[in-house]
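Colleague: If you read the sequences in order, they're chains H and D.
Okay, so the first sequence: first residue is 1 according to my numbering, each after it adds one.
Okay, so the second sequence: first residue is 1001 according to my numbering, each after it adds one.
Below: one structure in structure tokens.
There are 2 protein chains.
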Amino acid sequence: MMRVDQNSKLDNALSKGALSILGAAVPLFAEKGFGAVSINDIALRANTSKANIFHHFKSKEGLYIAVMKSACGHLAEVLDKVEHVDNDSPRKKLEAFFTLHLQSLQAHPQSARLIQHELLENESQRGKHLAEEVFSKHFTRLVELVREGQSQDWLRKDCDTSLMAFVLVATNIFFFESRSVLQHLPEVNFAESPDRYNSAVFKLLLNGFQKES
Amino acid sequence: MMRVDQNSKLDNALSKGALSILGAAVPLFAEKGFGAVSINDIALRANTSKANIFHHFKSKEGLYIAVMKSACGHLAEVLDKVEHVDNDSPRKKLEAFFTLHLQSLQAHPQSARLIQHELLENESQRGKHLAEEVFSKHFTRLVELVREGQSQDWLRKDCDTSLMAFVLVATNIFFFESRSVLQHLPEVNFAESPDRYNSAVFKLLLNGFQKES
DNA sequence: GTCTATAGGCCGATAGAC
DNA sequence: GTCTATCGGCCTATAGAC
């Protein structure tokens, strides 16, 4: 028999109580990282008790991995979306991916932060493989799009395919990462309008920095 | 009277004991972040006692701020270096900065990680202003170099100066950040050779993605 | 300056009532 | 499923001998 609830497949098999704990844990882990968050912090935010958290999750690490899985699921959804704009030109497809990529970071900032924390901490492997999986899934898809552009003689072939893909993800992710700092810099006027930033960078990367000859 | 020791100005006024504590604290804070490192961890690594750490630093946060100051100092040194290649062409200067910037990240990976941790945690302000200061000092210098290139009719003027500078720092920092992941990706062959990556990206950004017309 | 000993509190995790 | 009460341990920080 199917379960009665209609939760997304990402949160499957979790009871209402467990979901509210998960919901309280996500922003805390996203902001402070695993080591700086206590079960008590989460219990207070979820309006429940420490013991109840250990009833729903076998350990602090178990809860953290559940949080990471949910975050990775959210960020993986952008891949499904971009598959649906599949009958356009390579340029349209690449630009759509680039735009959706940044939009997905903005739509799920906590998920993006969780993955950043995981990539930053070289150590305990907790959920690093999950983070790497999501990262490489996006990256591989982007490499395909660039390769398509190259084979159709639109993008230059004398440059490494994966290098171009890398520059695209790098600018988006670093924009997301550094937005709070960028807003304080007087030289920068694109920090408050991600969409304008996004299209300007895309144009810049395509045409290059140098003056037209 | 001058002090007798010849420590760099970054570590000034710190005794030998304090310096060895600082040296033990840096890699721990860099890898795990503030919240996940205990004074005892640091004491064990420094072959001393907890109490002695509190003798040299007034609190855990005081020690952390000393660590951050040292890290920011190391990364600021690249600015001094690039000032010394000042009588060249705008292109040479920009490329020198770009290369030195990545090299300084590689030379002081722990400093770079500390700053990343600080930028990632929106909260307690501990040393965030220090991190932002270093970031914006680099960025402002880079904006100047790009503007110079624009005014000499080498770089395009129809694109935001700070946006070009942003793309340059973004690619370098994100390369540093994601190197451990990049090494696992079969499509990527530039992860192991930062210098080759560096010059290839510089060329790519100057010329753009699109095929020469 | 460096140590041992210890205070007082919070940690993750468990037991057991309801 | 949710709670209170509690465990042993580790936490930051201090006191005081040397």
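Glycine is no exception: its CB is placed at the ideal position from the N, C-alpha and C atoms.
Tell me the rounded alpha-carbon separation between Lys1128/D and Gly1033/D.
Modeller: Going from the Cα of Lys1128/D to the Cα of Gly1033/D covers about 13 Å.
Colleague: In this structure, does DSSP put Leu185/H in helix, strand or coil?
Modeller: coil
Colleague: State the Cα-Cα distance for the pair Lys1093/D and Val1082/D, rounded to the nearest angstrom.
Modeller: 8 Å
Colleague: Listing by chain order, which chain H residues have their CB less than 8 Å from the CB of Ala1112/D?
Modeller: Those do not exist, as Ala1112/D stays about 10 Å from chain H at its closest Cβ, beyond 8 Å.
Colleague: Spell out the partners DSSP gives Gln1210/D in its beta bridges.
Modeller: Leu155/H
Colleague: Take Phe1139/D as the anchor and find which of Lys1050/D, Gln1125/D, Ala1046/D and Val1078/D has the nearest alpha-carbon.
Modeller: Comparing Cα-Cα distances from Phe1139/D to each of Lys1050/D, Gln1125/D, Ala1046/D and Val1078/D, the minimum goes to Val1078/D.
Colleague: Hey, quick one: how far does the alpha helix (DSSP H) through Asp86/H stretch, first residue to last?
Modeller: Per DSSP, Asp86/H belongs to no alpha helix (DSSP H) and is neither H nor E.
Colleague: Do three or more CB pairs link the stretch 103-112 of chain H to the stretch 159-176 of chain H at distances below 8 Å?
Modeller: yes
Colleague: Is the beta carbon of Leu114/H within less than 7 Å of some heavy atom of the ligand MN?
Modeller: As for the ligand MN, it is missing from this structure, which has no ligand bound.
Colleague: Taking 8 Å as the CB-CB cut-off, is Cys1159/D touching chain H?
Modeller: Yes - at least one Cβ of chain H is within 8 Å of the one on Cys1159/D.
Colleague: Please classify Gln110/H: does DSSP put it in a helix, a strand, or coil?
Modeller: helix
Colleague: Taking the alpha helix (DSSP H) that Asp160/H falls in, what are its first and last residues?
Modeller: First-last for Asp160/H: undefined, no H or E at that position.
Colleague: List the endpoints of the continuous alpha helix (DSSP H) containing Ala30/H.
Modeller: Lys16 to Lys32
Colleague: Cβ closer than 9 Å: which chain D residues qualify as neighbours of Arg126/H?
Modeller: Correct list: empty, because the minimum Cβ distance to chain D is about 11 Å.
Colleague: Hey, could you find the ends of the alpha helix (DSSP H) Arg1045/D is sitting in?
Modeller: Ile1039 to Arg1045
Colleague: Would you check if the stretch 1060-1069 of chain D and the stretch 1139-1156 of chain D touch, i.e. whether three or more CB-CB distances between them fall below 8 Å?
Modeller: Flag = no, the stretch 1139-1156 of chain D and the stretch 1060-1069 of chain D do not touch.
Colleague: With a cut-off of 8 Å on the beta carbons, I'd call Ile1115/D and Val1134/D a contact; round off their distance for me.
Modeller: 6 Å
Colleague: Please list the partners that Thr1140/D has in chain H, where partner means a Cβ-to-Cβ separation under 8 Å.
Modeller: Ordered by position in chain H, the residues that pass the 8 Å Cβ test against Thr1140/D are Leu185 and Glu187.
Colleague: With DSSP as the reference, label Lys217/H as helix, strand or coil.
Modeller: Here chain H has residues from 1 to 213 only, and residue 217/H is not among them.
Colleague: Any C-beta of chain H sitting closer than 8 Å to the C-beta of Gln1116/D?
Modeller: Yes, its Cβ sits closer than 8 Å to a Cβ of chain H.
Colleague: Can you confirm whether Phe1174/D, when its beta carbon is compared against all beta carbons of chain H, has any partner nearer than 8 Å?
Modeller: yes
Colleague: Counting only C-beta atoms, is Leu1206/D closer than 8 Å to chain H at any point?
Modeller: yes
Colleague: Using the rule of at least 16 other Cβ atoms within 10 Å of the residue's Cβ for burial, across every protein chain shown, is Glu192/H buried or exposed?
Modeller: exposed
Colleague: With C-beta atoms as the reference, is His1117/D less than 8 Å away from Leu120/H?
Modeller: The answer is yes: Cβ separation under 8 Å.
Colleague: Looking only at its own chain, which residues have a Cβ that is under 7 Å from the Cβ of Asp88/H, when we skip the five neighbours before and after it?
Modeller: Apart from the 5 residues on each side of it in sequence, Asp88/H has no Cβ closer than 7 Å to any other Cβ in its chain.
Colleague: Report, in whole angstroms, the separation of the C-beta atoms of Thr171/H and Val201/H, which I expect to be a contact under 8 Å.
Modeller: 5 Å
Colleague: Alpha carbons only, please: which of Ala66/H, Phe209/H and Asp158/H is nearest the one belonging to Leu130/H?
Modeller: Ala66/H
Colleague: Does Asn1007/D pass the burial test, meaning 16 or more other C-beta atoms within 10 Å, or should it be called exposed?
Modeller: Per-residue confidence for Asn1007/D stands at a pLDDT of 46, beneath the threshold of 50, marking its modelled position as unreliable; the derived number appears in the next sentence. Asn1007/D comes out exposed.
Colleague: Taking 8 Å as the threshold (beta carbon to beta carbon), is Val26/H in contact with chain D?
Modeller: no
Colleague: If you check the beta carbons only, do Ala25/H and Ile42/H fall under 8 Å apart?
Modeller: yes
Colleague: State the Cα-Cα distance for the pair Ala13/H and Ala1165/D, rounded to the nearest angstrom.
Modeller: 47 Å
Colleague: On the CB-based measure, 16 or more other CB atoms within 10 Å of its CB, does Arg113/H come out buried or exposed?
Modeller: By the 10 Å Cβ count, Arg113/H comes out buried.
Colleague: Is the CB-CB distance between Asn1207/D and Gln210/H below 8 Å?
Modeller: yes
Colleague: From the beta carbon of Glu177/H, is the nearest beta carbon of chain D less than 8 Å away?
Modeller: yes
Colleague: Going by the beta-carbon positions, is the gap between Leu1204/D and Leu163/H smaller than 8 Å?
Modeller: With contacts defined by Cβ atoms closer than 8 Å, Leu1204/D and Leu163/H form a contacting pair.
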